[in-house]
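Numbering (our numbering), first residue to last: 2 to 499.
Idealized CB from N, CA, C, for every residue including glycine.
To keep things clear, I will list the structure first and then write my remarks on it.
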Ligand code: NDP
């Protein structure tokens, strides 16, 4: 049954005066729900609800805030299978990955709940007697969370968990491709019992609701995950308002295959990294940079293995790869395939839209591999689909130079059994994440996640304790219990010097 959703503001679902958008299953074309294109007034109402809730929420002790996150995690766990099917149904990733999306929410909410009993500051010695110096984290105020479609529960989960434990009420604006996942996410938070106004959801067009949220005078920080060009607009708008902003943008992640790599392990990692989630992960393996001594062997095995990948119904446990998420995604990927041919890159596998039977109802593409030159657009630009570009490197230094030649810096990986290459790569690869003998995907929630260069211009990191940085500011506190006026730098009785 198709459900017509409203917006979630001030603790309840409200009808919207805006036009409506439909969300569809990318494997079947089936309509799953309709959602409001919220109006500016409705966005204002959501921000006002968050602003009104701030005072109470910031004064709620962080361990109590954590109890609500734990309760939400418990509910997510009890509904995991159902929610995973919603992720797969709306976004198209295979069910095992849909379950992973929900599991990331559970993991992070549990982790963030624990942070409610830590949130460490520092106590440091004073240069004066009978004086104490310490630092504490304080919430910035109501915050805006703008999320993409590729991890339609995990990314809202990461951002919300960090903001809420920090003491910030949230206004979530999800991708217009996956509003159903966002609505179901918020339903769970509602069931967990967050006070009215602490959690708000507004759906609608990015340039209206997203832009309006960033520019709203009462929003004190924005956490954004999406493409570089949208991120640039968000960055500029936040700068005009002089507020905090965290940006997690695109990637062009590489695996380096050294000539001593375990080829079986490498091949498993490349296939998972490049074609998991149909290549639509910001950390997807988009480039494979292979040492010249093993290049021919790797290409032969890769082509052989790619031909065996099964593309189809993402609910079928035997399927390796589902559809891409939307007609726009399909068009963009096929445009890159055309471009690859025009650029003179050699098509090694795939390169087509799959047709016939159930394929005709959805956006199914063949897993695609090109051998490319290092300055080609296929080697440089984020495709965000099931397309892997293979490059030949002369040696370790050349492989690193190729890896670092792109404007992105999210994830990276090296396959080698030689400690010298592994430890050098940890230093040399320009990326926020480096894996050794594992693909570019597979982040764990208790470690910082984010990138360098145009992937992460704000140098913020989600997940881990660093997640709090986006939503808190530091206060330094000096407590003088000497009972007299003491002046730092001026009247300290020094043991040496003047
Ligand atoms: P977009 O940049 O198109 O959209 C991201 C979000 O921004 C959506 O909610 C969108 O809303 C909203 N938006 C659009 N225009 C504006 C605007 N002017 N102001 C504010 N918000 C706006 O990205 P996609 O959703 O297509 O996601 C894919 C991209 O996300 C890829 O480039 C990928 O690399 C990146 N990504 C990065 C990750 C990371 O951690 N580094 C993780 C996952 C994805 P609407 O849908 O309504 O347009």
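Bridge partners - residue 475, DSSP secondary structure assignment: 138
Secondary structure, beta strand (DSSP E): runs of 3+ residues fully inside the segment 184 to 265: 200 to 202, 222 to 226, 245 to 249 and 254 to 258
Given residue 327 as reference, the closest of 413, 46 and 93 once Cα atoms are compared: 93
Heavy atom of ligand 1 within 7 Å of residue 200 beta-carbon: no
Beta bridge counterpart(s) of residue 447 as assigned by DSSP: Bridge partners of residue 447: none, in fact.
Validate contact between the segment 166 to 173 and the segment 51 to 59 using beta carbons, cut 8 Å, 3 pairs: yes
With 16 other Cβ atoms within 10 Å as the buried cut-off, status of residue 421: exposed
Cβ distance (whole Å) where residue 149 is taken to contact residue 87 below 8 Å: Contact doesn't hold; Cβ gap of about 17 Å is too wide.
Contacts around residue 155, its chain only, beta-carbon distance under 7 Å, and the 5 residues preceding and following it disregarded: 102, 105 and 106
Proximity of residue 246 and residue 256 at Cβ, strictly below 8 Å: no
Closer than 7 Å: residue 385 CB and nearest ligand 1 heavy atom: yes
Helix, strand or coil at residue 372 [DSSP, three-state]: strand
Segments assigned alpha helix (DSSP H), at least 4 residues, entirely inside the segment 396 to 424: 397 to 404
Residue 407: CB within 7 Å of a non-hydrogen atom of ligand 1: no
Between the CA atoms of residue 59 and residue 30 - distance to the nearest angstrom: 44 Å
Residue range of the unbroken beta strand (DSSP E) whose run includes residue 37: 32 to 37
Where the alpha helix (DSSP H) containing residue 79 begins and where it ends: 63 to 79
Reference residue 1, options 138, 423, 287 and 436, closest by Cα: In the structure displayed, the chain extends from 2 to 499; residue 1 sits before or after that span and is not available.
Residue 249 CB to nearest heavy atom of ligand 1 below 7 Å: yes
Residue range of the beta strand (DSSP E) that includes residue 287: 286 to 292
Contact the segment 124 to 141 vs the segment 475 to 489: 3+ CB pairs below 8 Å: yes
Beta-carbon proximity of residue 196 to residue 183, cut-off 8 Å: no
Residue burial classification, residue 319 (beta-carbon count within 10 angstroms, cutoff 16): exposed
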